[in-house]
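All residue numbers for the sequence shown refer to the working numbering, where the first residue is 4 and numbers rise by one. By construction, the Cβ of each residue, glycine as well, lies at the ideal position given by its N, Cα and C atoms.
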Amino acid sequence: MSMDYLVEDDDAPAVPLIPVRADSLANAVKDLPARTVEWVEATGYGAKPGTVLLLPGNEGEPVGGALVGVEGEKDIWSWGGAALALPPGKYRIEASSSANSASRAALGWVLGAYAFTRYKETGRPARNLVWPQSAARPYVAAAAPATGFVRDLINTPAADMG
């Protein structure tokens with residue numbers, strides 16, 4: 004499994020991702036600009052885990068950020084869903100988090116971007132995540148390829164395992 008979906012922070016613009024839980028959505032968006040809060044309310048976004056809401060940008064920017072519905076600190080799979088649901092681009096997690104939470108977000112992002120490409124490339128444009136600062140990189144760098152290898156074994160027909 005490729006770790007190419009996690010990139011270094013090179014000061015190039017990245018769309019901010021704001022993790023939110025359904026029970027704290029109102030509190031999470033209260034400091035955002037008024038028109039953004041109105042946007043969130045108008046869409047009826049409920050921060051269900053694994054869902055994404057693109058936020059309007061300022062003065063011509065198509066995307067000013069995105070809300071990512073998560074279950075909490077231990078959530079992995081919501082970040083995997085975000086890696087698929089967001090448009091191609093470069094993203095960074097806006098909120099500070101524990102090493103465990105940041106590692107799970109990074110791992111979930113890579114696992115969500117997984118595609119079985121032994122026979123056919125996906126042609127899916129990249130959605131890159133800037134490495135969360137507190138993520139345990141050695142853990143993610145070990146767990147993601149190992150999980151990808153197992154997924155490849157499951158997806159490979161027995162006749163091709165030769």
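Applying the 10 Å Cβ sphere with the 16-neighbour rule, what's the burial state of P65?
exposed
Cutoff 6 Å; reference L132; Cβ partners in own chain excluding five residues on either side
L9, Y94 and W112
So R24 is in the beta strand (DSSP E); what residue range does that whole segment cover?
First-last for R24: undefined, no H or E at that position.
Going by the beta-carbon positions, is the gap between A69 and L87 smaller than 8 Å?
no
Which of the three DSSP states is assigned to V73 in this structure?
coil
Which residue marks the beginning of the beta strand (DSSP E) containing V55, and which one marks its end?
V55 to L58
Does the Cβ-Cβ distance between I21 and V55 come in under 8 Å?
no
Among A85, G49 and Y48, nearest to Y117 - alpha-carbon criterion
A85
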